[in-house]
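Structure first, commentary second.
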Amino acid sequence: MKILVKILPKPEVLDSAGRATFNALKADFESLSGCHLGKLVELDFKEGVTEKKALEEAEKMANSLLINPLVEICEFEVKE
Amino acid sequence: MLEQNLKKYRISKAEYETICDLLGRSPEGLEWAVFSALWSEHCSYKSSKVHLKKFYNKNKIVVGDSDENAGVIDLGQGERLAFKMESHNHPSFISHHQGAATGVGGILRDIFTMGARPIALGNYLCFGEANNSNMPRLVDGVVRGIADYGNCVGVPTITGRTHFHKEYNNNILVNAFALGYFAPDQKVVSSKIPESGLSIMYAGAKTGRDGIHGASMASESFSEDSESKKPTIQIGDPFFEKLLIEACIEVIDKNLVVAMQDMGAAGLTSSSFEMSVKDGVGLLMDLQKVPLRDNTLTPEDILLSESQERMLLVCKPEHQEQIQQVFEKWGLDAVEIGQTQKDKNITLTWGEDKLLEIDPELVVEHAPRYERDYEKLSPKWESPKLNTQRPSLPDVASKEWIYQQYDQRVGVRTAKDCSQDIGVVRLPHSHRFVGVAMGCEPEVMRDNAWLGGRDAVVRPCLKLAFNGFTPLALTDCLNFGNPEKKPIMSEFVESVEGISEVCKILDVPVISGNVSFYNETQGQNIISTPATVVVGLSDNILNFNSSFTQAEDNVFVLSIETQKLYENLASTMSAIKSWSQNADISSLAMVSLKGLSYTLEKMSLKGDGVKTQSMPPTEFYQFVVATGQGKEIFDELLKLEFICVSAIGKTQKAQINIEEQSLSAKQLNEKHSKVWRDFLGRFA
Amino acid sequence: MKIGILRFLGTNCDYDIWEYAKALGHDCEWLWYKDQFNPTAYDRIIIPGGFSYGDYLRSGALASRTPVMASVKQAAQNNIPILGICNGFQILCEIGLLPGALLANNNRRFIDKWVDLEVVSENNYWSWGQQNIRLPIAHGEGRYFIDEQGLKNLEDQGGIWMRYNDNPNGSVADIAGVTQGTVAGLMPHPESAIYEWMGGTDGLKLLRES
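Protein chains in written order, with our numbering: chain A, 23 to 102; chain B, 35 to 718; chain C, 1153 to 1362.
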């Protein structure tokens, strides 16, 4: 069981990397209206761990270490 | 089958025949990989060794042998320095960021392998012309790579040189320099194994697929498919290197190590064979014990992997546990993978199975030596025509955009940073100062290689002398094209001889160095570029720098006639040094070959500027001096009839007036940063 | 004074701070990241700069979860003066002993340069006693961020310690250093400005006996 933790800067925080990437893309891709750069954390859980348990743990990990809630938000995706 | 192997292992037909003669049969199994790696140009120096022997490389301050990881000099008062420069040109062209980063990592390991704490970094970079569409990405990647690695590992970058020329469009140069320090109670660790019955330990990062065949790749010319060679690029981890530095220095300080060698080019093969052959002590190693990141690696992969941040330690068996404890403290593993032997052979096993047994002397000492074709260049005193009327490319802009990305102060020893003509660090124990100056002007090498090699020593020595330093020793990184081409080999030989000749006159031994041949892409060779670093010593630091620091100073230009300088080199150098020690001046900078006006602009970027009344032509050896005094301060130097001084104007507050150009300090800074913004485009 | 200096894996200004404190005549002791310590045994605690844990995940995040930081928290509760410099500042924000967070510089590059600063609040433990100072910065992630309410609180409590004259990294309200209770953090490196040969001596006045 894998859980993906997708981390993005909060909308109100200036995302300088996202801005720079957006500026590089916008000339060639007219349809683009924004771009945000974050992090992806892939958590591998041991065999037999239930999805519910894994999600609960992932959430705890996110709140205790993986994100800084002052400047970041995250969402979770179950994979496999 | 044979043809396939020759191609795969990049061994020529003639070399294959030599191997057959040495072994009395055709090579088998791992022997192919071992010969391929150790007979590569990169490891064997087969095209250069006969000439490198000519270097002036010994005097009373040089410590130890020239076959160690870096050269060491004794500064007296118990303090010693280790330093070296190395190229990472091919990897940096293929993977700009990682190539440059691992170049820094590799040169640092050469230094702390010997037990010296790295205290300064420098870099010599040559990029292609600014309007080459690849260049912004390359410059950005290389600078980020150097910054990411050096900053994180906590060693300050204190000096550097950057050039832009179209001859480097398809083959940039990334040369990294590192300086290490031995305090009075610290010992120099050799890479030589003195006896049998010792343990061989593998420490640091696990082995992965990185850089397999890297050494032989660096030994051939570039073709278009170099892009597809990306998988062989090594990935560096500066955080890991920082831990490795601390752990290695701690085990050395605790006297637990007999010998040590980093695993650099050609990885475990090169390090184990070279350690073994130096004193003829054999090794038995079990490749199954090598910690792996990827379990699918074959014994051959393990032998050739160039994974970064790995060390080979030799210790007494009873010290193993203590070594492991130190490495564990720093979050690292150290495992025994073998022992030193009574016979002189290297034996490699996989558990119980023997994979290879060979006398390392056959591979290392009998490596081919080529006397490549060359002709002697004749002396030519004319300095190249200096083209000072050029467009505003990064070449004639302040390099602040680059060096601001480097931590120049960590370690709290930096007395002169990258904004100055030379880098300076203060020694922790004696509080004396060490100056670092780089040389080699591609423009001179292109037009006059005879003078260019000599100038690569004289120019940095002049910079040191004018800052009150005594030049002590030199390291070089000889970047050349294809040595099988006669004009290139001729410039190589002339550079070696020219550098050596000047070094001997100035008593500045060449204590370490590196040769990078085959800087050739699709038939086009780079300008021959023998980059140098000269290290000097001074008891005190003079109270002036390379920028204007106050208004209402008189500004002079001091010029030295080239041929006369060379005819009176040693005496002029010491006259300059003693003059500068006593001179009442506020600023001093060497005039760049990019022009006097560019030099004056650079000197004005920190606030105070200059108003010129007259502008003498730019000359080969020229300095700008600002002083509150008059021309009489030069009296002592002007006794030398080949030095002349002319007044060119006065310093002024926050404004420059250089010939027709009139700018405020703010406008001047904006002019220089605009050059970079325009050049970098979306990489700005 | 007796000063405890923290060391994490990847701290690289540890000796710099040691030398700095020694030069000012103080006693120093190392505080290793794996160990807890007696929170009242020190007059001052300093968390030096560097790249703890390679700045991986977020600068300061991994260091802030180590055993030694539990003792630092207790020391803060005991009103022991604690100072974080550069990476130390990032760690103190991560653990919540200082408000706000430090993000990648606006230009997404490491910046090493001398900057002019204005010290805007007096502090009983860490101070300059002069208004304008010049110190070097050397960081890739020094853009101070705090939300509007947080900024207001900081201003009300006099928690803004120093500001950049010419904001180099995009910090909110030009903030270069903040304080909260006995805890203080700043991005510039005072230890790199204590001798004339370094280029300035404004860093000398930071450690003040209270």
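From the three backbone atoms N, C-alpha and C, an ideal C-beta is built for every residue, glycine too.
TODO: Classify W415 (chain B) as buried or exposed, calling it buried when 16 or more other Cβ atoms lie within 10 Å of its own Cβ.
DONE: exposed
Open item on the list: Using a 10 Å radius around the Cβ and a threshold of 16 neighbouring Cβ atoms, would you call H465 (chain B) buried or exposed?
Closed with: exposed
Open item on the list: List, in chain order, every chain C residue whose beta-carbon is nearer than 8 Å to that of V27 (chain A).
Closed with: Result: empty, since nearest Cβ-Cβ is about 11 Å, beyond 8 Å.
Task: Length of the line joining the Cα atoms of V187 (chain B) and C282 (chain B) - done: Separation of V187 (chain B) and C282 (chain B) (C-alpha to C-alpha, rounded to the nearest whole angstrom) is 14 Å.
Open item on the list: For A237 (chain B), tell me which candidate among B:E352, B:A368 and B:V177 has the shortest Cα-Cα distance.
Closed with: Comparing Cα positions, the closest option is B:A368.
Open item on the list: What does the alpha-carbon distance come out to for the pair V430 (chain B) and I619 (chain B)?
Closed with: 26 Å
- [ ] Give the residues of chain C in contact with N90 (chain A), contact being defined as C-beta atoms less than 9 Å apart.
- [x] By Cβ distance, chain C contributes R1210, A1213, C1245, E1246 and A1253.
TODO: Per DSSP, which residues does L720 (chain B) bridge with? Please list them.
DONE: This structure leaves residue 720 (chain B) out entirely; chain B is present only between 35 and 718.
Open item on the list: On the criterion of 16 or more Cβ atoms from any shown chain inside 10 Å, does W66 (chain B) qualify as buried, or is it exposed?
Closed with: buried
Open item on the list: So with CB distances below 9 Å, who are the chain C contacts of A39 (chain A)?
Closed with: A1256 and R1260
Task: Amino acids of chain C, ordered along the chain, whose beta-carbon sits closer than 7 Å to that of G301 (chain B) - done: Per Cβ cutoff of 7 Å: no residues; G301 (chain B) is ~23 Å from chain C at best.
Task: Where the segment 68-90 of chain A meets chain C: residues whose CB sits under 9 Å from a CB there - done: If you check each beta-carbon in the segment 68-90 of chain A against every beta-carbon of chain C, the ones closer than 9 Å belong to S86, L87, L88, I89 and N90.
Open item on the list: Any beta carbon from chain A within less than 8 Å of F1160 (chain C)'s own beta carbon?
Closed with: no
- [ ] Rounded to whole angstroms, what's the CA-CA distance from E355 (chain B) to M235 (chain B)? Just pull it up for me.
- [x] 11 Å
Task: Contact list for K1265 (chain C) against chain B, beta-carbon separation under 8 Å - done: Q438
TODO: Indicate whether the contact test is met: 3 or more Cβ pairs, each with one atom in the segment 1170-1182 of chain C and one in the segment 706-718 of chain B, closer than 8 Å.
DONE: no
Task: Inter-residue Cα distance where the pair is A617 (chain B) and I667 (chain B) - done: 7 Å
Open item on the list: Using a 10 Å radius around the Cβ and a threshold of 16 neighbouring Cβ atoms, would you call H58 (chain A) buried or exposed?
Closed with: exposed
- [ ] With DSSP as the reference, label D49 (chain B) as helix, strand or coil.
- [x] Position check: residue 49 (chain B) holds Glu in this sequence, whereas Asp was assumed. Helix at E49 (chain B).
TODO: Grab me the residues of L277 (chain B)'s own chain with a C-beta within less than 7 Å of its C-beta, minus the 5 sequence neighbours each way, in chain order.
DONE: W364, G365 and L366
TODO: Please decide whether L62 (chain A) counts as near chain C, where near means a Cβ-Cβ distance under 8 Å.
DONE: no
- [ ] Under 8 Å by Cβ, that's how I've got V223 (chain B) and I286 (chain B) pegged, so tell me the actual separation to the nearest angstrom.
- [x] 6 Å
Open item on the list: Taking the straight line between their C-alpha atoms, what separation do you get for N85 (chain A) and P91 (chain A)?
Closed with: 7 Å
- [ ] Tell me, to the nearest whole angstrom, how far the beta carbon of E1343 (chain C) is from that of S1211 (chain C); I am working on the premise that it is less than 8 Å.
- [x] Wrong, their Cβ atoms sit about 19 Å apart, outside the cutoff.
Open item on the list: Distance cutoff 8 Å, beta carbons only. Does F1297 (chain C) sit that close to anything in chain A?
Closed with: yes
Task: Beta-carbon neighbours of L3 (chain A), restricted to chain C and to distances below 7 Å - done: One cannot answer for residue 3 (chain A) here, as it falls past the ends of chain A, which runs 23 to 102.
TODO: May I have the straight-line CA-CA distance separating F44 (chain A) from G1302 (chain C), to the nearest angstrom?
DONE: 29 Å
Open item on the list: If distances are taken between C-alpha atoms only, which option among B:T147, B:A154 and B:K538 comes closest to K88 (chain B)?
Closed with: B:K538
Task: Span of the alpha helix (DSSP H), counted from its first residue to its last, around H1291 (chain C) - done: It is not in any alpha helix (DSSP H) - H1291 (chain C) instead sits in the beta strand (DSSP E) that spans N1284 to H1291.
Task: Proximal residues to S631 (chain B) (C-beta, below 6 Å), its chain only, five neighbours per side dropped - done: I692
TODO: Closer than 7 Å by C-beta to A1328 (chain C): which residues in its own chain qualify, once you throw out the five before and the five after it? Chain order, please.
DONE: L1269, M1314, R1315, Y1316, L1338, M1339 and P1340
- [ ] Let me know the secondary structure DSSP gives D313 (chain B) once reduced to three states.
- [x] helix
- [ ] Whole angstroms is fine: what's the gap from S262 (chain B)'s alpha carbon to N39 (chain B)'s?
- [x] Confidence at S262 (chain B) is low in this model, with a pLDDT of 47, below 50, so the placement of that residue is unreliable and no value is reported for it.
Open item on the list: Check whether the segment 194-213 of chain B and the segment 155-169 of chain B are in contact - that is, three or more C-beta pairs closer than 8 Å.
Closed with: yes
- [ ] Using a Cβ cut-off of 8 Å (strictly closer), state whether G1206 (chain C) contacts chain A.
- [x] Not closer than 8 Å to any Cβ of chain A, the Cβ of G1206 (chain C) fails to qualify, so no.
- [ ] Using alpha carbons as the reference points, say which of C:L1255, C:N1190, C:Y1208 and C:N1259 lies closest to K1225 (chain C).
- [x] K1225 (chain C) has its Cα closest to that of C:N1190, out of C:L1255, C:N1190, C:Y1208 and C:N1259.
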